[in-house]
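*Asks:* According to our numbering, numbering within the sequence shown proceeds without interruption in unit steps and concludes at 1313.
Don't be surprised by glycine CBs; every beta carbon is placed ideally from N, CA and C.
Before I ask anything, here is the structure I am working with.
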Amino acid sequence: MADATTLDEVLERLNRLEEELPPHDGVRWFNRLYLRVTEHVAEYVNAVTQAAPGFLERLDIVFANVFFAALDAAESEGTDLPASYEFHAWKPLFLRRYARDIAPIQFALAGVNSHINHDLALAVQQVCTERRVRPDRDGPEFQDYIAVNSLIRRTEEEVEVWLLTDALKELDRRFGAVDDLIAIWSIEQARNAAWIHSEVLWLLSDEGSIEQNYRAVLDRTVGGYSRALLKSVGVFEGGRVVPIRADLEALAPVRN
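The structure is reproduced here in structure tokens:
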């Protein structure tokens, strides 16, 4: 599918996924969170004068297209990402997207982890390159970047409540405790880390294999964190406990 070129196109596809993805698909829960965040950021972009006009909008478009590319690659394979897909950061979510012993909020956080800790750094580097500026904490792009942190955090908190309540009604099952997983996640820290990674990538942009090695380490590190977020917490159905890792999907190794 062709890349999105406007924020409206990004929102159109996210809304379409909201309608199409079934409750038993873990990608649905990440998409729900991502849709709400993108809606609010789009409202901000349209309503507020920015220090670096056009930066946030272009960043959101480039950022979204990385997720859409993963979806398209998975659709070409069936449901999982093909072994040839370039980013390991996304493979845990797509590999375990139908596992029944993983809670909706785990899928959402694993997707956010892959998208922010990996994709956002690459997107910042690309958009800054397009604008012929470097990622600079004293620059207007960074001012706009951090200006939406509180908005994104509030949206994430609202959706997390929904993921811990109404989403379970859609699935008609309950899960084991996920408090520890939620407690270790911070979207602001993740976005701050993504900017730092973009600064490093910018400095390494003329270093050939060193930059590629840095990208590879970042990619695999983020993938490892997603695997940790997607650990089985057990599930309760019809008054009985379904054994942990009962599904074949939950036992399948992540492909290298």
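(1) What span of residues does the alpha helix (DSSP H) with P1080 cover, start to end?
(2) Report yes if the C-beta distance between A1099 and S1283 is below 9 angstroms; otherwise report no.
(3) Please give the ranges of any alpha helix (DSSP H) in the region 1155-1224, keeping only runs that are unbroken, at least 4 residues long and fully inside the region.
(4) If you draw a straight line from the C-alpha of D1195 to the C-alpha of E1245, how long is it?
(5) Could you say which of D1276, I1162, Q1269 lies nearest to A1080 if we only look at CA atoms?
(6) So the alpha helix (DSSP H) S1283 belongs to, where does it begin and stop?
(7) Would you kindly work out how many angstroms separate the C-alpha atoms of A1127 and Y1142, rounded to a whole number?
(8) Are the beta-carbon atoms belonging to V1067 and A1061 less than 9 angstroms from one another?
(9) Taking the C-alpha atoms as reference points, what is the distance between E1215 and G1265?
(10) For E1069, which of L1113, N1122, K1148 has the nearest alpha-carbon?
(11) Expressed to the nearest angstrom, what Euclidean distance is found between the alpha-carbon atoms of I1159 and R1153?
(12) Count the other CB atoms, across all protein chains shown, that sit within 10 Å of the CB of R1272; report buried if there are 16 or more and exposed otherwise.
(13) With the cut-off set at 9 angstroms, would you say R1188 and E1198 are in Cβ contact?
(14) Between which residues of its own chain and N1249 is the CB-CB distance below 6 angstroms, once the five residues before and five after are set aside?
(15) Between which residues of its own chain and V1257 is the CB-CB distance below 7 angstroms, once the five residues before and five after are set aside?
(16) Does the beta-carbon distance from L1064 to V1102 come in below 9 angstroms?
(17) Do G1168 and G1124 have their beta-carbon atoms positioned less than 9 angstroms apart in this structure?
(18) Can you tell me which of I1173, A1131, E1268, L1221 puts its alpha carbon nearest to the alpha carbon of F1120?
*Replies:* So, from the data block:
(1) From DSSP, P1080 is part of no alpha helix (DSSP H); its letter is neither H nor E.
(2) No, Cβ-Cβ distance for A1099 and S1283 is not below 9 angstroms.
(3) Qualifying alpha helix (DSSP H) stretches, in chain order: 1161-1169, 1178-1188, 1197-1204, 1206-1221.
(4) The straight-line gap separating the alpha-carbon atoms of D1195 and E1245 is approximately 18 angstroms.
(5) Reading the sequence as shown, one finds Pro at residue 1080 and not Ala. The residue among D1276, I1162, Q1269 with its C-alpha nearest the C-alpha of P1080 is I1162.
(6) Note, S1283: alpha helix (DSSP H), 1266-1286.
(7) Straight-line Cα distance between these residues: approximately 8 angstroms.
(8) In contact: V1067 and A1061 (Cβ atoms closer than 9 angstroms).
(9) Taken atom to atom, the span from the alpha-carbon of E1215 to that of G1265 is near 42 angstroms.
(10) Out of L1113, N1122, K1148, N1122 has the C-alpha closest to the C-alpha of E1069.
(11) Taken atom to atom, the span from the alpha-carbon of I1159 to that of R1153 is near 9 angstroms.
(12) Flag for R1272 reads buried.
(13) Contact flag set, yes.
(14) Beyond the five residues adjoining it in sequence on each side, N1249 comes within less than 6 angstroms, by CB distance, of no other residue in the same chain.
(15) Within the same chain, and ignoring the five residues on either side of V1257 in sequence, the residues whose Cβ sits closer than 7 angstroms to its Cβ are Y1271.
(16) Contact: yes.
(17) Before going further, note that residue 1124 is Phe rather than Gly in the sequence given. Yes, these two residues count as a Cβ contact at 9 angstroms.
(18) Checking every option, the nearest Cα to that of F1120 belongs to I1173.
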